[in-house]
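Residue numbers (our numbering): 441 to 848.
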């Protein structure tokens, strides 16, 4: 069924964008100047036009999860390819950057069948969440390689969304580090990028609109969603302008060597039932918070491995070179100690700067770059806690592992 509502939204957003911009500068900037067209989208175009079916996925955080630009892009694709039966996969989850994306990719995207076109964004959350350069590179490369290992003909579009910190860096003459890192992956794998962070900054500085009155927030207003949608759709229009020829066909693309040998290209989520638990831990089949703190989808009313008892322990055997825990880190989030293969104990505070407001889904990578295949993770609840926390809780939704697979 064609998305009439989304198409109407597209028209409204575009009208608002054009009206406001035309009241500003006499000379509008060109969105094409912020598009880097490495490679092409010929495979997905052929699939949509010639085979009249296609799967399009949207992977990112809250700006991808929320309605707006994504609805408009979906509507555009349905209008551009009216005979095509589309399967759209909305895989945006609030607060999630590349590390969660690399490990949930299998569950949230790949499990739904071969993807023809992926839109991916993590520049906002990777920076906001404090992921290191190494983590950003390993995770973004992991997303790309994992998807291309499953479907070598997949087309990928990488986007960089805007926030005030990125605007400040551009105005200081610096490219934000997270964008540099993501672009390194895009360049290595021939992936086109759309730099909306730079485009929005330049348009504001040009006087076309304002942040305070128009764009309003890193979660864009309807006007801001229109700015995003118009730029992305212009990129797609330019990419799809040439009709496939009679001799064209979908082409598999060979993968280059890895940028980082420890990239998360075989990331998976592992069920909590795989852990061995001591007294003090409980496998809660339908966890609900007992306080008034907010929650997120897939982190309430679901199975959760829970302990609030200092000294309680668990162990988890895994095969892979990286391991971590996905937790609900609320106002009572505690501190754990952990070790790999009976090595030295290390400490991880589970309380985040947002935990007082929300049982926040958070991915803690506890070890990466591990030699060999078989490993043992052990976790204990500590008696000390963060000064801002009111408890010692550890609530595990998943373990996550980068599997060791030959030839990956």
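Note that CB positions come from ideal geometry on N, CA and C, so glycine has one too.
The residue from 639, 653 and 822 with its alpha-carbon nearest to that of residue 468 is 639. Within its own chain, the residues whose Cβ lies closer than 7 angstroms to the Cβ of residue 844, once the five positions on either side in sequence are excluded, are 759, 760, 761 and 813, listed in chain order. Residue 776 sits in a strand when the DSSP states are folded into three classes.
Relative to the Cα of residue 506, the nearest Cα in the group 660, 833, 772 and 829 belongs to 660.
Counting the other Cβ atoms within 10 Å of the Cβ of residue 726 gives fewer than 16, which makes it exposed. From the listed residues 709, 553 and 583, the smallest Cα separation to residue 631 is found for 583. For residue 490, the enclosing alpha helix (DSSP H) starts and ends at 482 to 490.
Residues of the same chain with a CB within less than 6 angstroms of the CB of residue 826, apart from the 5 flanking positions on each side, are 789 and 791 in chain order.
According to DSSP, residue 729 shares a beta bridge with no other residue. Contact annotation, residue 480 with residue 679: C-beta distance approximately 7 angstroms; criterion of less than 8 angstroms satisfied. The stretch 620 to 630 makes contact with the stretch 688 to 702, as at least three CB pairs between them are under 8 angstroms. By the C-beta density criterion, residue 512 is buried, having at least 16 other C-beta atoms within 10 angstroms. Inter-residue distance for residue 772 and residue 794 is about 12 angstroms (C-alpha atoms, whole angstroms). For residue 749, DSSP records no beta bridge to any residue. Under the DSSP assignment, residue 595 falls in the beta strand (DSSP E) whose first and last residues are 595 to 600. Distance between residue 564 and residue 575, taken at the CA atoms: about 14 angstroms.
Around the CB of residue 741, fewer than 16 other CB atoms lie within 10 Å, so the residue is classed as exposed. Relative to residue 718, the option among 755, 691 and 739 whose CA is nearest is 755.
Classified as buried, residue 721 has 16 or more neighbouring CB atoms from the shown chains inside 10 Å of its CB.
Residue environment for residue 581: buried (at least 16 other C-beta atoms within 10 angstroms of its C-beta). Under the three-pair Cβ rule at 8 angstroms, the stretch 544 to 562 does not count as touching the stretch 644 to 657. If you look at residue 582, you'll find it in the alpha helix (DSSP H) that goes 573 to 590. Straight through space, the alpha carbons of residue 734 and residue 796 are spaced by roughly 9 angstroms. One alpha carbon belongs to residue 478, the other to residue 778, and they sit about 43 angstroms apart. Nearest C-alpha to residue 708 among 579, 821 and 470: 579.
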